[in-house]
Amino acid sequence: MRITILLTGLMLLSLVGLAQNGVNYNDVAVIVNDNSNVSLEIGAYFQEQRKIPDENMIHISSTTDEEINLATFNDIAGQIETCLLSKSLSNSINYLVTTKGVPLKVKVGELNEEDFSSYLSSAAFESELCAFLSSSSRDEIGKSSFVKNPYFLKDCNFSREEFDIFLVSRLDGYTKEDVIGLIDRSGPDIKVDMVSVLSVFDINDVDEGDNLEAAEMKMNSTVSCFEDNGWPVIYDKDIDVLQEQENVLLYSCANLVNYNKVVNNAWSDGSVAEILGMFSACTFEKGSNDNNVFLVADLINEGVGAGIGYVYIPYIQTSFLNKEFFKSYLGSDNQYNLAESYYKAVMHLSWISVLIGDPKTSIIVEDIEASTIEENLSGSVKIFPNPVSDVVFIKVENTLVNSVSVYNTAGQLLKSKISYDSLNQCSVDLSMLSKGLYLIKVVTAKGGVSKRVLVK
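In terms of mature numbering (1 follows the signal peptide of the UniProt record, and there is no 0), the sequence shown is residues -19 to -1, 1 to 437.
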């Protein structure tokens, strides 16, 4: 069963203008591996694009293997600590960014897919780095328990001075070109038109069990949050993967089976995708997908601006809280960047989840029914049914319909021919359009207004 929800309404006007102005990267350190040319090239490009000071570039010498043991991690962590201390950066850096070519995951002990507890001591490399200089948590790294995240659900902007950890993200993809594209599609203060962007939640409910129930509860709660805040959403529960959606800002999927690893979405700048599934970030090397799973790297290759995945097997009940992430990333009384939004939603450190992307990416909500004419007309223009599968009707009050045009979210005019039922009501046949979100612009004798409509 596919549940398709069109969410109408407006985000609070107070959300606009809260993005961080004059964002700099003086508190960001970039970790590159001198044994990897691609790591050095990505680090240099990110430094140039974000104007990161030279002293904030941390060079390590290590294996380029994606998976390492705890002893190798400790050696690398020692190199990073020495560099931070020698440059007097340990107290001024809030964010660490690793690059492709730096190890991805830390394996502790023998892993057994039939025994989830065997993964408790292993973690993502970046998650280990969060607490590697923490006075209270550094000794817990590599042990058979998680490290409590002191920033979890905190309603304030982050500083290492207050929370005694780093916020760590990674720049990775199948190729250097994939990572360069990710950098170019991200960054601070990306303007987002809430009328045209779409959020997609896709869950396969063909299986049963505690994991599915927990995943569904998370999805349902998140979709309800979007409904409260007026963002357009598609919530798909079909067996097949939902594909070929346009201008996708946020994407979350869980329990997908029988997929072809391609969703063919058109992604907006500042977009974020989460794959809630085992091993969804286990590799960023093409041809190394031994677990044959849907990978975050696949979506980065398609054009998403940031990704969230799991290097090993997650416990869904203690996994990343996407509702909390989306609430922070989309706006609140404070403006949170990508890394702040992510770590506010992560219960544990020294864990298996990893954030891929520029940590200071943030969005500005704009074009919220800005026109006074549109605001006044909005209530007098009715479009029904919505969602629609064939013919949609437009009815106006106390004025006449002059024209109706249908656009996709990229702004391309698709249809302008309509049938008038009366001077104040008309209909448009949308049966030939693919499933997805469209904009209908209604021009009346008193002005124009745009409305969202979902074709199912």
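Glycine included, every Cβ here is placed at the ideal spot set by N, Cα and C.
Quiz item: Counting Cβ pairs closer than 8 Å, one from the stretch 173 to 180 and one from the stretch 36 to 47, do we hit at least three?
Solution: no
Quiz item: Contact check, Gly288 vs Ser150 under 8 Å by CB: the rounded distance?
Solution: By one-based count along the sequence shown, residue 288 stands at place 307. By one-based count along the sequence shown, residue 150 stands at place 169. With 8 Å as the limit, Gly288 and Ser150 do not qualify as a contact, their Cβ atoms being about 10 Å apart.
Practice problem: List the DSSP bridge partners of Gln406. | Solution: Numbered from 1 along the sequence shown, position 425 holds the residue referred to as residue 406. Gln406 is bridged to Lys376, Ser403.
Practice problem: Would you kindly check if the distance between the Cβ of Leu163 and the Cβ of Ile281 is under 7 Å? | Solution: Along the sequence shown, one-based indexing puts residue 281 at 300. Along the sequence shown, one-based indexing puts residue 163 at 182. Contact: yes.
Quiz item: Would you say the stretch 127 to 134 touches the stretch 52 to 59, given that touching needs at least three Cβ pairs under 8 Å?
Solution: no
Exercise. List the DSSP bridge partners of Leu152.
Key: Numbered from its first residue, the sequence shown carries residue 152 at position 171. DSSP output for Leu152 lists Thr80 as bridge partner(s).
Quiz item: Between the Cα of Lys416 and the Cα atoms of Asn50, Leu302, Ile215, which residue gives the shortest distance?
Solution: Here residue 416 corresponds to residue number 435 of the sequence shown, with the count starting at 1. Looking at the Cα atoms, Ile215 is the closest of the given residues.
Self-check item: Unbroken beta strand (DSSP E) run spanning Val274, endpoints
Solution: Here residue 274 refers to the residue found at position 293 when the sequence shown is read from its first residue. No beta strand (DSSP E) holds Val274; DSSP gives it neither H nor E.
Self-check item: Under 7 Å between C-beta atoms of Val423 and Val362
Solution: Taking the sequence shown and counting its residues from 1, the one referred to as residue 423 is at position 442. Taking the sequence shown and counting its residues from 1, the one referred to as residue 362 is at position 381. Cβ distance < 7 Å, so Val423 and Val362 count as in contact.
Quiz item: So Gln406 packs on Phe365, CB below 8 Å; how close in whole Å?
Solution: On the sequence shown, residue 406 is found 425 positions in, with the first residue counted as 1. On the sequence shown, residue 365 is found 384 positions in, with the first residue counted as 1. 11 Å between Cβ atoms; not a contact.
Quiz prompt | Alpha-carbon to alpha-carbon, Glu378 and Ile171 | solution = Along the sequence shown, read from residue 1 onward, the residue named residue 171 stands at position 190. Along the sequence shown, read from residue 1 onward, the residue named residue 378 stands at position 397. Taking the straight line joining both Cα atoms gives about 37 Å.
Self-check item: Per DSSP, the bridge partner or partners of Glu48
Solution: Within the sequence shown, residue 48 is the residue found at index 67, counting from 1. Paired residue(s): Lys86.
Exercise. Please confirm whether Tyr155 and Ala278 have their CB atoms less than 7 Å apart.
Key: The count along the sequence shown starts at 1 and reaches residue 155 at position 174. The count along the sequence shown starts at 1 and reaches residue 278 at position 297. Closer than 7 Å, so yes.
Self-check item: Cβ-based neighbour list, Thr45, same chain, cut-off 7 Å, excluding 5 preceding and 5 following
Solution: Within the sequence shown, residue 45 is the residue found at index 64, counting from 1. Result list for Thr45: Asn14, Asn16, Ser17, Gly82, in chain order.
Practice problem: Count the C-beta pairs between the stretch 303 to 313 and the stretch 328 to 335 that are closer than 8 Å, then say yes if the count reaches three, no if not. | Solution: The stretch 303 to 313 vs the stretch 328 to 335: no contact.
Self-check item: From Ser167, Thr79, Ile23, Cys111, residue whose alpha carbon lies closest to that of Gly284
Solution: For this step, residue 284 is matched to residue 303 along the sequence shown. When only C-alpha atoms are compared, the closest one is Ser167.
Quiz item: Are Ser386 and Ser397 close, meaning C-beta to C-beta below 7 Å?
Solution: The sequence position of residue 386 within the sequence shown is 405, counting from 1. The sequence position of residue 397 within the sequence shown is 416, counting from 1. Yes, these two residues count as a Cβ contact at 7 Å.
Self-check item: Secondary structure, beta strand (DSSP E): runs of 3+ residues fully inside the stretch 247 to 332
Solution: 248 to 257, 288 to 291
Quiz item: Among Ser103, Phe147, Ile12, Glu143, which has the Cα closest to the Cα of Cys64?
Solution: On the sequence shown, residue 64 is found 83 positions in, with the first residue counted as 1. The residue with the shortest Cα to Cα distance from Cys64 is Ile12.
Quiz item: beta strand (DSSP E) containing Tyr419: first to last residue?
Solution: Along the sequence shown, one-based indexing puts residue 419 at 438. If you look at Tyr419, you'll find it in the beta strand (DSSP E) that goes 417 to 425.
Quiz item: Where Ser384 and Ser403 are concerned, what is the direct C-alpha to C-alpha distance, given to the nearest angstrom?
Solution: Reading the sequence shown from its first residue, position 403 is the one you call residue 384. Reading the sequence shown from its first residue, position 422 is the one you call residue 403. If you draw a straight line from the Cα of Ser384 to the Cα of Ser403, it is about 13 Å long.
Practice problem: Leaving out five residues on either side along the sequence, give the residues of the same chain with a beta carbon under 6 Å from the beta carbon of Glu355. | Solution: Translated into the one-based positions of the sequence shown, residue 355 becomes position 374. Caution is warranted here: a pLDDT of 44 is assigned to Glu355, below 50, making its placement in the model unreliable, and no coordinate value can be reported.
Quiz item: Just how far apart, CA to CA, sit Lys341 and Val78?
Solution: Translated into positions along the sequence shown, residue 341 becomes position 360. Translated into positions along the sequence shown, residue 78 becomes position 97. Between Lys341 and Val78, the C-alpha separation is close to 11 Å.
Self-check item: Span separating the alpha-carbon of Ser408 from that of Asp217
Solution: Here residue 408 refers to the residue found at position 427 when the sequence shown is read from its first residue. Here residue 217 refers to the residue found at position 236 when the sequence shown is read from its first residue. C-alpha separation (whole angstroms): 27 Å.
Practice problem: Please report the residue range of the beta strand (DSSP E) in which Asp217 lies. | Solution: The count along the sequence shown starts at 1 and reaches residue 217 at position 236. Note, Asp217: beta strand (DSSP E), 214 to 217.
Self-check item: Proximity winner among Glu305, Tyr6, Asp183, relative to Gln224 (alpha-carbon distances)
Solution: As a first step, residue 224 is located in the sequence shown; it is residue number 243 there, counting from the start. Of the listed residues, the one whose Cα sits closest to Gln224 is Asp183.
Quiz item: By the 10 Å Cβ neighbour count, where 16 or more other Cβ atoms means buried, how is Glu227 classified, buried or exposed?
Solution: In the sequence shown, the residue the question calls residue 227 occupies position 246. So Glu227 counts as buried.
Quiz item: How many whole angstroms separate the CB atoms of Lys199 and Asn303, which I take to be in contact at a CB cut-off of 8 Å?
Solution: Taking the sequence shown and counting its residues from 1, one reaches residue 199 at position 218. Taking the sequence shown and counting its residues from 1, one reaches residue 303 at position 322. A Cβ-Cβ distance of about 6 Å is found for the pair Lys199 and Asn303, placing them in contact under the 8 Å criterion.
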